[in-house]
Structure formats: C-alpha cells, structure tokens
Amino acid sequence: MAIDREPVPRGEEKPIKIDAELVPTEGSSDSQTGEALSKMEEQLGSAVQGMLFQNVQQVDIAARTAKALFDEVSKQKAPKDELLAIEIIKNLISLYSSLTQIMIFITEGRFERAIEKISEGLADADKSITALKDYEQLPYSDKEFAQISKPLFSIFQVVLNASDAWIRAEMVGYQGNISRYVELLQEAVIEYRRAESIPTTLDPTYISLVGLCATQAERLKTRIDEFSKKQALHTNLTPKGDKIFIIHGHDEGKWRELQDILEDLNQEIVVLKEEPSAGETIIEKFEKLADDCCYAFALITPDDLVKKKGNRYSQARPNVLFELGWFYGRFGRDRVCIIKKADTEMPSDLSGILSIDILERVSEGLKEIQDELQRIGLIKDHKRKKTSKRSAKRPAKKRN
C-alpha cells in the first residue's frame, strides 16, 4: 500500500516560545532556574523547527540537551514548581523528537519501529499531563504556562493514537486484506477527528498539529471511498520459488531449532536477519526474499507484554504478525503454518491458519511439520538426511 507522507503544515509562524513567564519562587536562584528555562526555550524552538523539516538529528540533539539540563537542575534542588515546569518542557521536546522519528519510520515502511516509538510517546504524554496536574496544585505555579501546555499534550495524544491506528491499517493493507484494511482506516479517521474536541489555543504548533489531523482524516477518508468502490475478490498468487521462509521474533533458539529441522528434511531456508541487505530497506529486502519462497513457518512466541484495558497478555512482535499476514494475503492460508508457544495471544484475523502448539521445543511438532511439507509436495516421505533425537511428545494440529 502506498503511504501518504503528510508533513506538518509550515505556516509563517515562528517556532513556539513559552509566552508565559515562569517567575522563580521566593528563595530560589535566578541564575540556576532562569538560565535553565532560557536554554530549555531555545531547545524547544529547535525541536519544533526540526519536526517541521523532519530533521531527526536536530530534534534528537534538542531532546538530549533538554534531558541534560533537567538532570542538572534536579541536582541543584530547585523548588518543586520550577523543577516541574522544566520537566514539562523537557517532555514536550521529547514528544517532538518522537513524532519526527515516527513520521520518518512510516515513510520508510518501518512500521514496528514506529509503533514502538508511539508507545514511548504516549507514555511521555501521560506522564506530562500528570505532572501538569501536580504543577497546577502548587501555590507558585504559573497558570498561563499550564493553559498553554495542556492542549499541546492533548493534541500529541491524539496524533500518536491516530498514527498508531493508521500504521496498523497499512500493515493489514500491505498484506492484501482489503476489507479489513478499509475497516482499520475508518478507525484511524475516527482517531484523527478527536482533535476537533480538544480545547483550542492560539499556539502555532498546536494549530499546525490540529491541521495535520484534519488533513490526514480527509485523505484517509478519500482512500476509504476509493478502495470501497474498487474492492474485488482477492485471488492468491502462485508461488514462484521453492524455499521456506522462517518468520520469527526474539526467540533465537526456537527459529534455529526450526531451521535445523527443515534443513534435515532437505529444505532450503530463508531467515531475514541472516541475509545481506545490499543497501535495501527492510521491506524491500523482505519482499525480495519472500518472493523466492513457496511456504512460511511463523514462530509465535511471547516477545511483547501488552497492557490493554486492565488486561495483561503476551504476544508476538509486530514484525512477525506483519510478515505472517503478507504470506497469508499473497499465497493463501494453505501456504502458511503457525508454530505457537503456549500462552501467547494471537489476533483473530489469523483464524483459519494451520497452527501447531508447542510447550517448549519446536521438535514437539515435528510430525505435523513433516505432514505439512508432504502435503504441499516439498517432501515425498519423512526420510531425513540424518537422525536426531527430538521430543516424542507432539500435540495434535488444529485450526484456529
């Protein structure tokens, strides 16, 4: 799927400045906090400018400098209201850095890195809103500063949540699941339009981000309309290659064990991380290698701990689900097999794919792996190049 790259509107406004003057409280040191606030303001302006021009290095330097300034002021035991104000500005700079990197990752197709960065950004925004509430309760807090900052953090939450929904839609669309792609795009549009309900401010960066949300919502709505009109019955492609692709997460022991099993069965294996990149992006490299394969085994292991609506569960890495969906959408469910470790959650979108459950070792599913390869004609019998002792306990295969 093509990805719309929508830069933040570049108006004539100058980078944001903290218009509210933060007056040091009685007994504090002007030379300490005043100088720190002045430097923080400079870094904030640099971060905004870097985001507008998508200069990752510039916003990263601003974020690192802001953190160093905050750490230095923390050592000097500044009054709580001043320390909180400096922390809030530091977090705001960090959010500009995160958003810039997210836009770059989306453009490059590095969806899993973008999702990770979104998670970090949302955590920063939540902490900042809590800090703002604490700041407002202090007797010497600057109310005008709080009023300027609050809408900014709120709009960042909207942009990050909407970007997350959009990325997840693109991942599904890239796999060829058009009906689900349209559904997820609709969810992304709803998220972007939440910007309309946030209390307004005249801050130029806030206005730019609201404009970004409105523009992106309209573009995605247009895309929804186009795909809804052209939606047709999807037919799977016939594989051109004869290799087997191993999709995996962080559990290196599992994929290496699977690789050994398949090589013992005289199969040629492709593992993405083991192949040279030749200057290609991750997606270009994946597509090129996957196109030479006729089958994929996906190892679903509990790599990520997810907290959602009060529930905690483990799931596979985003890249595993993305690559699995690509094979599913391109070659059909009969050319994919999931090997799932116990207690790992699986998206309902993947129901119907052959699944082999294991407790600890991949060899627990050896018989089922052999049966699959025989079914699609990659092996004629269960003879192997060498004998190896593997666990005899093999669970029955099932359909999700």
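First residue of the sequence shown: 1, per my numbering; consecutive thereafter.
Ideal Cβ placement from N, Cα and C applies to all residues, glycine included.
The structure displayed is predicted, hence computed values, not measured ones.
Please say whether residue j and residue i have beta carbons closer to each other than 8 Å?
{"i": "I246", "j": "L324", "result": "no"}
{"i": "G109", "j": "I282", "result": "yes"}
{"i": "L289", "j": "G249", "result": "no"}
{"i": "V59", "j": "Y96", "result": "yes"}
{"i": "I115", "j": "I190", "result": "no"}
{"i": "S203", "j": "L152", "result": "The sequence given here has Asp at residue 203, not Ser. Contact: yes."}
{"i": "S98", "j": "E120", "result": "yes"}
{"i": "E187", "j": "A217", "result": "no"}
{"i": "A62", "j": "I93", "result": "yes"}
{"i": "R223", "j": "L262", "result": "no"}
{"i": "G411", "j": "N177", "result": "For the chain, the structure presents residues 1 to 400; residue 411 sits outside this window and is missing."}
{"i": "C337", "j": "E372", "result": "yes"}
{"i": "T406", "j": "I148", "result": "This structure cannot speak to residue 406, because the chain is shown only from 1 to 400."}
{"i": "S154", "j": "I198", "result": "yes"}
{"i": "Q370", "j": "I379", "result": "yes"}
{"i": "D134", "j": "L84", "result": "yes"}
{"i": "K285", "j": "E274", "result": "no"}
{"i": "C213", "j": "Y192", "result": "yes"}
{"i": "D291", "j": "G241", "result": "yes"}
Buried or exposed for residue i, please, with buried defined as at least 16 other CB atoms from any protein chain shown within 10 angstroms of its CB.
{"i": "E87", "result": "buried"}
{"i": "G173", "result": "buried"}
{"i": "T301", "result": "buried"}
{"i": "V306", "result": "exposed"}
{"i": "N402", "result": "No answer is possible for residue 402: it lies beyond the span of the chain, which begins at 1 and ends at 400."}
{"i": "G50", "result": "buried"}
{"i": "I376", "result": "exposed"}
{"i": "S128", "result": "buried"}
{"i": "S46", "result": "buried"}
{"i": "E368", "result": "buried"}
{"i": "K150", "result": "buried"}
{"i": "D71", "result": "exposed"}
{"i": "E82", "result": "buried"}
{"i": "R312", "result": "exposed"}
{"i": "K75", "result": "exposed"}
What three-state label does DSSP hand residue i in the structure shown?
{"i": "F245", "result": "strand"}
{"i": "Y328", "result": "helix"}
{"i": "Y140", "result": "coil"}
{"i": "E42", "result": "helix"}
{"i": "K240", "result": "coil"}
{"i": "D292", "result": "coil"}
{"i": "R335", "result": "helix"}
{"i": "S28", "result": "Low confidence applies to S28: its pLDDT is 46, below 50, so where it sits in the model is not reliable, and the reading given next is rough at best. Of the three classes helix, strand and coil, the one that applies to S28 here is coil, per DSSP."}
{"i": "E360", "result": "coil"}
{"i": "K77", "result": "coil"}
{"i": "N319", "result": "helix"}
{"i": "I379", "result": "coil"}
{"i": "D343", "result": "coil"}
{"i": "I297", "result": "Looking at the sequence itself, residue 297 is Phe, so the reference to Ile does not match. Strand, per DSSP."}
{"i": "D251", "result": "coil"}
{"i": "D164", "result": "helix"}
{"i": "D371", "result": "helix"}
{"i": "V23", "result": "Reliability fails at V23, whose pLDDT of 44 lies under 50, so the model's placement of it is uncertain and the value that follows must be treated cautiously. In the structure shown, V23 sits in coil (DSSP, three-state: anything other than H, G, I, E or B)."}
Do you know how far the Cα of residue j is from the Cα of residue i?
{"i": "Y140", "j": "Q43", "result": "24 Å"}
{"i": "T65", "j": "P79", "result": "21 Å"}
{"i": "L233", "j": "S314", "result": "A caution first: L233 carries a pLDDT of 47, below 50, which makes its placement in the model too unreliable to give a value."}
{"i": "A36", "j": "L69", "result": "6 Å"}
{"i": "M346", "j": "L258", "result": "20 Å"}
{"i": "C293", "j": "V270", "result": "8 Å"}
{"i": "L272", "j": "V56", "result": "27 Å"}
{"i": "A296", "j": "D124", "result": "38 Å"}
{"i": "D304", "j": "A316", "result": "6 Å"}
{"i": "G365", "j": "A342", "result": "13 Å"}
{"i": "F322", "j": "F156", "result": "26 Å"}
{"i": "V158", "j": "E170", "result": "18 Å"}
{"i": "T238", "j": "F327", "result": "11 Å"}
{"i": "V362", "j": "I339", "result": "8 Å"}
{"i": "I102", "j": "I356", "result": "35 Å"}
{"i": "K221", "j": "I106", "result": "19 Å"}
{"i": "I89", "j": "L209", "result": "18 Å"}
{"i": "G253", "j": "S228", "result": "43 Å"}
{"i": "E26", "j": "D126", "result": "Its pLDDT being 44, under 50, E26 is placed unreliably in this model, and the coordinates cannot settle the point."}
{"i": "F145", "j": "T215", "result": "28 Å"}
{"i": "F331", "j": "P318", "result": "20 Å"}
{"i": "E41", "j": "R194", "result": "29 Å"}
{"i": "I104", "j": "G279", "result": "17 Å"}
{"i": "D251", "j": "L354", "result": "21 Å"}
{"i": "K117", "j": "V48", "result": "18 Å"}
Do we get a CB-CB distance below 8 Å when we pair residue i with the residues of chain D?
{"i": "K77", "result": "Within the model displayed, chain D is absent; a lone protein chain is all it includes."}
Would you say the beta carbon of residue i is closer than 7 Å to some non-hydrogen atom of the ligand ADP?
{"i": "V210", "result": "The ligand ADP is not among the ligands present in this structure, which contains no ligands whatsoever."}
> Whole beta strand (DSSP E) runs in the stretch 262-288 with 3 or more residues, listed along the chain?
Replying inline: 269-271
> Can you list, in chain order, the stretches of the alpha helix (DSSP H) that have 4 or more residues and sit fully within the stretch 93-156?
Replying inline: 111-137
> Considering only residues of the stretch 185-237, which uninterrupted beta strand (DSSP E) runs meet the minimum length of 3 residues and lie entirely inside it, listed in chain order?
Replying inline: none
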